[in-house]
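Residue numbers (the numbering used here): 1317 to 1485. Don't be surprised by glycine CBs; every beta carbon is placed ideally from N, CA and C. Owing to the predicted nature of the structure, the values given are computational and were not obtained by experimental measurement.
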């Protein structure tokens, strides 16, 4: 993996609307690995409406998928698209409350594409960020599978979908 590709991916992560709006920050990107933090301060959109604000569990998985896809993309070229297929062995262990300040999301690729060149599997662990009172409490674990396809094929399909959706208005 070239340094240029890593820098390009880091830049694109920082430009993601969902990452910016939800205070998800990529802290480290290496070949086959990604590490990000999700800040909870001022991040009301991801909290439940209970009297005691908690992060919605499905949102945790959504952010884990995003970090996982970037770990997977470090093993691809710009001519390839990485598409989320499914979650396997997803487990939410503990709720995340607002007072915990945030979450650490660590992703690592668990296959090397030799057996299945069109599939990348990524293991993701989510832990709390507040290491003062409860260091590294495991919040969730996932295994995500991503398909790798030529970008040319997917770009055309996406353009067709967009055109069809826009014409519906």
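Beta-carbon proximity of residue i to residue j, cut-off 7 Å
i: residue 1386; j: residue 1340; result: no
i: residue 1436; j: residue 1380; result: no
i: residue 1464; j: residue 1403; result: no
i: residue 1499; j: residue 1344; result: Outside the modelled stretch of the chain, which goes from 1317 to 1485, sits residue 1499, for which no answer is possible.
i: residue 1438; j: residue 1388; result: yes
i: residue 1383; j: residue 1335; result: no
i: residue 1376; j: residue 1445; result: no
i: residue 1356; j: residue 1409; result: no
Span separating the alpha-carbon of residue i from that of residue j
i: residue 1433; j: residue 1427; result: 10 Å
i: residue 1373; j: residue 1411; result: 7 Å
i: residue 1429; j: residue 1457; result: 22 Å
i: residue 1441; j: residue 1423; result: 7 Å
i: residue 1485; j: residue 1477; result: 13 Å
i: residue 1487; j: residue 1483; result: The first residue shown for the chain is 1317 and the last is 1485, placing residue 1487 beyond what the model contains.
i: residue 1338; j: residue 1418; result: 11 Å
i: residue 1370; j: residue 1443; result: 15 Å
i: residue 1462; j: residue 1323; result: 21 Å
i: residue 1347; j: residue 1327; result: 16 Å
i: residue 1474; j: residue 1390; result: 22 Å
i: residue 1479; j: residue 1332; result: 22 Å
For residue i, the three-state DSSP class (helix, strand or coil)
i: residue 1419; result: strand
i: residue 1343; result: strand
i: residue 1463; result: strand
i: residue 1365; result: coil
i: residue 1424; result: strand
i: residue 1355; result: strand
i: residue 1479; result: helix
i: residue 1443; result: strand
i: residue 1430; result: coil
i: residue 1454; result: strand
i: residue 1332; result: coil
CA nearest to the CA of residue i, picked from the options
i: residue 1367; options: 1439, 1413 and 1484; result: 1413
i: residue 1395; options: 1355, 1471 and 1462; result: 1471
i: residue 1378; options: 1397, 1365, 1322 and 1406; result: 1406
i: residue 1469; options: 1327, 1459, 1371 and 1398; result: 1398
i: residue 1459; options: 1474, 1443 and 1401; result: 1401
Run through the segment 1368-1419 for me and flag every whole alpha helix (DSSP H) of 4 or more residues, listed as ranges in chain order.
Listed in chain order, they are 1373-1389.
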